[in-house]
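Student:
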Amino acid sequence: MKKLILGIDRFLSMLGIGLVAILATGVIISVILRYVFSIAFVWSEELLTMVFVATTFFGAALGLRESEHIAVSNFVSAMPKRTQKVVTIIAQVVIISVSFIMVYYSYRMIMKVGRVPSPATGILRGYYYAMIPISFVFTAFYGVVNILKEYMDIPEPTKGYKDDFELGISVIEGDA
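Numbering-wise, the working numbering puts 110 at position 109 of the sequence shown, and it's gapless, one number per residue.
1) To the nearest whole angstrom, what separates the beta carbons of residue 19 and residue 63, a pair I think is in contact under 8 Å?
2) Cβ of residue 54 within 8 Å of Cβ of residue 104?
3) Starting from the Cα of residue 148, find the closest Cα among 57, 47 and 94 and give me that residue.
4) Would you decide whether residue 134 is buried or exposed? Buried here means 16 or more other CB atoms lie within 10 Å of its CB.
5) From what residue to what residue does the alpha helix (DSSP H) around residue 17 run?
6) What would DSSP say about residue 118, mapped onto helix, strand or coil?
7) Rounded to whole angstroms, what is the Cα-Cα separation between residue 25 and residue 130?
8) Using beta-carbon positions only, say whether residue 107 and residue 47 come within less than 8 Å of one another.
9) Excluding the 5 residues flanking residue 43 on each side, which residues of the same chain have their C-beta closer than 6 Å to its C-beta?
10) To the nearest angstrom, report how far apart residue 52 and residue 61 are at their CA atoms.
11) Just list the residues that DSSP pairs residue 125 with in beta bridges.
12) Name the two residues that bound the continuous alpha helix (DSSP H) containing residue 51.
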């Protein structure tokens with residue numbers, strides 16, 4: 002279980018890093034082409050928008066794992082420990098429920114409009130929209146992990162490989 006969780010953590014971290022790198026590179030190239038050479042590609046804007054959306058959806062799942070979402074922590078931390086645990090579990094059950102609703106309805110949406118090509122690239126919209134149910138499966142998974150963390154020894158998230166010395170990767174967040 003621990004290896005699975007850490008493997009998914011690594012995958013989503015690397016996916017996020019890759020997507021942000023693609024997004025930054027694409028925007029820089031688009032700006033240079035547009036303002037220096039007066040060349041603009043409509044398809045690049047569409048692809049960069051989809052990369053941005055993918056970064057948001059998959060980043061939200063990883064944010065749940067790393068407890069980086071906005072929370073009313075002052076209110077919850079004032080409660081007794083047992084009540085904190087109950088509130089945490091209820092919040093995670095709500096997150097899991099919303100995730101399953103999103104998976105269900107996004108799948109239905111893909112079945113309806115997924116075979117329509119996008120206007121600029123001609124890529125079927127289903128490929129673009131597939132990131133929604135996939136990312137919410139990860140979100141539901143992390144909701145379950147957060148519940149299990151209340152009862153089992155679940156590894157803490159590495160938050161960008163901060164504690165992942167066995168990979169030989171330097172600290173991404175900074176040493177200072």
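By construction, the Cβ of each residue, glycine as well, lies at the ideal position given by its N, Cα and C atoms.
Tutor: Answer, in terms of the structure:
1) As a position in the sequence shown, residue 19 is number 18, starting the count at 1. As a position in the sequence shown, residue 63 is number 62, starting the count at 1. Not really, about 13 Å apart at Cβ, beyond 8 Å.
2) The count along the sequence shown starts at 1 and reaches residue 54 at position 53. The count along the sequence shown starts at 1 and reaches residue 104 at position 103. It is not a contact, given that the beta carbons lie outside the stated cut-off.
3) Taking the sequence shown and counting its residues from 1, the one referred to as residue 148 is at position 147. Considering only alpha carbons, the answer is 94.
4) Within the sequence shown, residue 134 is the residue found at index 133, counting from 1. By the neighbour-count rule (16 or more Cβ atoms within 10 Å), residue 134 is buried.
5) Position 16 of the sequence shown, counted from the first residue, corresponds to residue 17. Note, residue 17: alpha helix (DSSP H), 3-38.
6) Stepping through the sequence shown from its first residue, residue 118 is reached at position 117. Strand at residue 118.
7) Start at 1 with the first residue of the sequence shown, and residue 25 comes out as number 24. Start at 1 with the first residue of the sequence shown, and residue 130 comes out as number 129. Rounded to whole angstroms, residue 25 to residue 130 spans 22 Å at the Cα level.
8) Numbered from its first residue, the sequence shown carries residue 107 at position 106. Numbered from its first residue, the sequence shown carries residue 47 at position 46. Cβ distance not < 8 Å, so residue 107 and residue 47 don't count as in contact.
9) As a position in the sequence shown, residue 43 is number 42, starting the count at 1. Hits under 6 Å: 121.
10) To locate residue 52, count along the sequence shown from 1; it is residue 51. To locate residue 61, count along the sequence shown from 1; it is residue 60. Distance between the alpha carbons of residue 52 and residue 61: 14 Å.
11) For the purposes of this step, residue 125 is taken as the residue at position 124 of the sequence shown. DSSP output for residue 125 lists 118 as bridge partner(s).
12) Looking up residue 51 in the sequence shown gives position 50. Counting along the chain, the alpha helix (DSSP H) containing residue 51 begins and ends at 43-66.
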